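Notes follow the structure.
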DNA sequence: AAACCGGGGGA
DNA sequence: TCCCCAGGTTT
């Protein structure tokens, strides 16, 4: 079986037309690869266009305010990617004379680029023959070659990389890597792969042995744990107060309202009692305008139960004034917000009580 | 090796 | 509902 020939022939007829394939600008390809980490193509496309329009060069990204970068990234998730991309741009300016390095080995030193992304950029932009092994490649190779090693184990990563390294086209490594990815996205899909019309059907171990659903083998993941957030949308004369999350935690560098996290859900009376000893409310007269039902927000490994309280205070106390950013309520959307908060403000009718008008 | 980090869409 | 997406970093 000439794996590479069959694959490239398939790609010739089925390649997706994607914006980052119509450029040779390594920076654009870099941006696209980071956006596409654990992110579907359809979800990433609009972010790609907005990102390179707002930050058209490595220099412009390096010079950018991190808040502006986060705002463009808002809603895409895995926000460390955005922070690392900007850090990487600075790194390239300081260590590589402003030009992205051209080898996989050097690209691996750039913040936010791991084994897959470095190989992808090296092969797409610079023609280096290194396999770019992503989730699609694990799935395809495990099925066709009948490999049961868990793809998220160390030995599995080595094994699949070695196999891809044997199969890769030495003359067209970039096309080969892109072809594998499209083949996984369009043909050898996770569920309901199109096996009857697959050019590898005659050779595919999983298809021949009716083991499509069993491959690839993945380690088991633990169920998400619950977290309980209480957000205080404090209103005072058309202004509210927000703060950037600085902890090493979810939503790093995004903005949010004053909040309280508890280890368990509060009962209604416990919640009211809590209002009296919040640092950012003490000394203020507080009028409770609305309390939402708990809103469920699911992350990959957490389930957040968020309750939004709309409050009006007679005057902001010193904690609110000193530790938070005072923002006109109508301008809150200029800040990068977690999807949870953004969606609540956009869709929840009770947010009318939060309006700037008195 | 395992945990952590988001959000969305397809089946 | 469950799965998983052009994964990387930290512990």
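In the working numbering, the protein residues as written are 770 to 1127. Note that beta-carbon positions come from the ideal geometry of N, C-alpha and C, so glycine has one too. Here the structure is a predicted model, which means the values were calculated and not measured.
C-beta atoms of residue i and residue j nearer than 9 Å
| i | j | result |
| --- | --- | --- |
| residue 1010 | residue 1076 | no |
| residue 1057 | residue 1078 | yes |
| residue 831 | residue 858 | yes |
| residue 1071 | residue 994 | yes |
| residue 835 | residue 861 | no |
| residue 913 | residue 974 | yes |
| residue 869 | residue 804 | no |
| residue 808 | residue 1021 | no |
| residue 1027 | residue 1093 | yes |
| residue 853 | residue 900 | no |
| residue 965 | residue 956 | no |
| residue 1082 | residue 1004 | yes |
| residue 896 | residue 867 | no |
| residue 946 | residue 887 | no |
| residue 1025 | residue 1098 | no |
| residue 801 | residue 936 | no |
| residue 911 | residue 838 | no |
| residue 948 | residue 776 | yes |
| residue 1061 | residue 1116 | no |
| residue 1122 | residue 1059 | yes |
Buried versus exposed call for residue i [16 or more other C-beta atoms within 10 Å across all chains shown]
| i | result |
| --- | --- |
| residue 908 | buried |
| residue 971 | exposed |
| residue 1001 | buried |
| residue 917 | exposed |
| residue 843 | buried |
| residue 771 | exposed |
| residue 992 | exposed |
| residue 906 | buried |
| residue 851 | buried |
| residue 903 | buried |
| residue 925 | buried |
| residue 1007 | exposed |
| residue 840 | buried |
| residue 881 | buried |
Supposed close pair residue i, residue j - CB separation, criterion 8 Å
| i | j | result |
| --- | --- | --- |
| residue 816 | residue 845 | 5 Å |
| residue 821 | residue 847 | The Cβ separation is near 19 Å, so there is no contact. |
| residue 1034 | residue 997 | 5 Å |
| residue 872 | residue 856 | 20 Å between Cβ atoms; not a contact. |
| residue 814 | residue 788 | 7 Å |
| residue 920 | residue 929 | 7 Å |
| residue 1040 | residue 1106 | Wrong, their Cβ atoms sit about 23 Å apart, outside the cutoff. |
Distance cut-off 8 Å: residue i Cβ against heavy atoms of the ligand NAP
| i | result |
| --- | --- |
| residue 808 | The ligand NAP is absent from the structure shown, which contains no ligand whatsoever. |
- prompt: Does the stretch 773-792 touch the stretch 950-969, meaning 3 or more C-beta pairs lie closer than 8 Å?
  reply: yes
message: Whether or not the stretch 1037-1056 and the stretch 1085-1096 are in contact is what I'm after, with contact meaning three or more pairs of Cβ atoms, one per stretch, closer than 8 Å; do they touch?
response: yes
- prompt: Do the stretch 976-984 and the stretch 1057-1068 meet, that is, are 3 or more Cβ pairs less than 8 Å apart?
  reply: no
- prompt: Counting only runs that start and end within the stretch 955-1016, where is the alpha helix (DSSP H) found for 4 or more residues in a row?
  reply: 974-977
- request: Counting only runs of 3+ residues fully inside the stretch 1013-1060, write out the beta strand (DSSP E) ranges in chain order.
  value: 1028-1031, 1055-1060
- request: Please specify which runs of the alpha helix (DSSP H), each continuous and at least 4 residues long, are wholly inside the stretch 780-853, giving them in chain order.
  value: 795-804, 810-823, 827-832, 835-842
message: At 4 residues or longer, what runs of the alpha helix (DSSP H) sit wholly inside the stretch 895-958?
response: 904-914, 923-936, 942-951
Alpha helix (DSSP H) segments (min. 4 residues) lying fully within the stretch 1073-1127: 1087-1092, 1108-1116
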